[in-house]
Amino acid sequence: MAQYTAKIIILGSGPAGYTAAIYAARAGLNPCLISGFEEGGQLTMTSMIENFPGFPLGISGVELTDKMKQQAVNVGVTIINDKINEVDLSQKPFILSSENGNCFQTESLIVATGASAKWLDYQAHKKYIGKGLSTCATCDGFFYKNKTVAVVGGGNAAAEEALYLTNFASKVILVHRRAELRAEKILQERLFKNPKIEIAWNNVVYEIFGDKQVSGVKLKNVITDEIKTVDLNGVFLAIGYKPNSEIFKKYLNLDDDGYILTKPDSSATNVEGVFACGDVKNKSFQQAVIAAGTGAQASMEAQRYLTSL
Ligand SMILES: Cc1cc2nc3c(=O)[nH]c(=O)nc-3n(C[C@H](O)[C@H](O)[C@H](O)COP(=O)(O)OP(=O)(O)OC[C@H]3O[C@@H](n4cnc5c(N)ncnc54)[C@H](O)[C@@H]3O)c2cc1C
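Below you can see the structure in the form of structure tokens.
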């Protein structure tokens, strides 16, 4: 068990965390970044990123986050591979305890712990992530030009993803386990009107199959138990995200879905000296470049806070 003290600690090694750390290091604050056990964050689950500026031919998610890490190391960020499982934000310095039994003390904390997509059956399906199975139509839709895809879900996110995918795919099958959608009426009307969209009511994805890439699914009708095989090229899950904010809920204000609430136009939380950035606070725009942007903002706000002490 080791004790660490730092002026500023950043939790998370996705684009938000690395960017916050790079800004803090360049401001001379000797930051410590605790990476969590998913080093690189969600981007490492995708094969190709084509919408992060600066990479005209695209870049793999793993390579992009490796570059961010290298840049952080180069400017002097201390990176510790550990995960925080308990925090005490009731007094200064804040105290953080980790899974590896370490204890951290800090004047200022940046929470960049991201969000985790909900998967139908993570263990069974993880081999297809980035190989036909995705949780992000904005990110991966482009790769499905003139292909058949399925979207799983029945809420606004599923409806929006299905509509978005019709810009590329020749056919979009919306798989929903009930006989009606939860999505707003206006979105439902757009879905019903779109000739590329077919809805598989009362169905669940029973199996995803394919050799190296997804090549089809088995759908099970929950009323009749009938199982139908559908050949397709991609499956997009839109069954929700879970922000990684559980350990903060005793101290930080969260919205009903668990996203950290921050002050308007700011990354400051309700606890002075604690800032939040990236997907853990951003329900509507979960993209790497936005996570990086809010990481920079959180770091600059933390710098001002530390200067004011
Ligand atoms: C399959 C997929 C494909 C995507 N493709 C694209 C794309 O093409 N373009 C794009 O812009 N966006 C894409 N995204 C979205 C993008 O990955 C996210 O918006 C972005 O990664 C969010 O960054 P973040 O830093 O907020 O959090 P994350 O990337 O979620 O990283 C969170 C970090 O926090 C750490 N952590 C969690 N809990 C703790 C803890 N208790 N203590 C310490 N550390 C902790 C984790 O280990 C992880 O390193 C994709 C997402 C997915 C799932």
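Sequential numbering from -19 applies to the sequence shown in the numbering used here. The beta-carbon is built from N, C-alpha and C at its ideal position, and this holds for glycine as well.
Does at least one heavy atom of ligand 1 sit under 6 angstroms from the Cβ of E226? no
Measure from the alpha carbon of I219 to the alpha carbon of each residue in E87, S96, K200, then state which is nearest. S96
C116, DSSP secondary structure in three states: coil
Taking C-alpha atoms, which residue in N147, H156, K127, V129 lies nearest to G135? H156
What would DSSP say about Y239, mapped onto helix, strand or coil? coil
Quick one: Cα of S246 to Cα of I(-11), how far? 18 angstroms
For the beta strand (DSSP E) containing Q85, list its first residue and its last residue. 83 to 91
Check for me: the beta strand (DSSP E) holding Y186 runs from which residue to which? 183 to 189
Does the beta-carbon distance from G20 to G258 come in below 7 angstroms? no
Would you grab the beta carbon distance between I177 and A142 for me? Rounded to a whole angstrom, and I think it's under 8 angstroms. 6 angstroms
Run through the stretch 41 to 78 for me and flag every whole alpha helix (DSSP H) of 4 or more residues, listed as ranges in chain order. 41 to 54
Does ligand 1 have a heavy atom nearer than 6 angstroms to the CB of A130? no
Tell me, which residues are paired with G34 by DSSP? DSSP, once it has assigned bridges, lists no residue as partnering G34.
For D211, which residues does DSSP report across the bridge? G196
Relative to the alpha-carbon of Q71, which residue among E87, G16, T115 has its alpha-carbon at the smallest distance? E87
If you follow the beta strand (DSSP E) that P11 is part of, which residue opens it and which one closes it? Counting along the chain, P11 falls outside any beta strand (DSSP E), and DSSP gives it neither H nor E.
Let me know if E281 comes out buried or exposed under the rule of 16 or more other beta-carbons within 10 Å of its beta-carbon. buried
K261 vs T242 beta-carbon contact at 7 angstroms: yes
Where DSSP assigns a beta bridge to L217, which residues make up the other side? V132
Cβ of N31 versus every heavy atom of ligand 1: is any distance shorter than 6 angstroms? yes
Taking 6 angstroms as the cut-off, is the beta-carbon of D237 closer than that to any non-hydrogen atom of ligand 2? Within the structure as shown, ligand 2 is missing, the only ligands being ligand 1.
To the nearest angstrom, how far is it from the Cα of G16 to the Cα of S(-7)? 7 angstroms
Measure the alpha-carbon distance for V185 versus E160 and round it to whole angstroms. 17 angstroms
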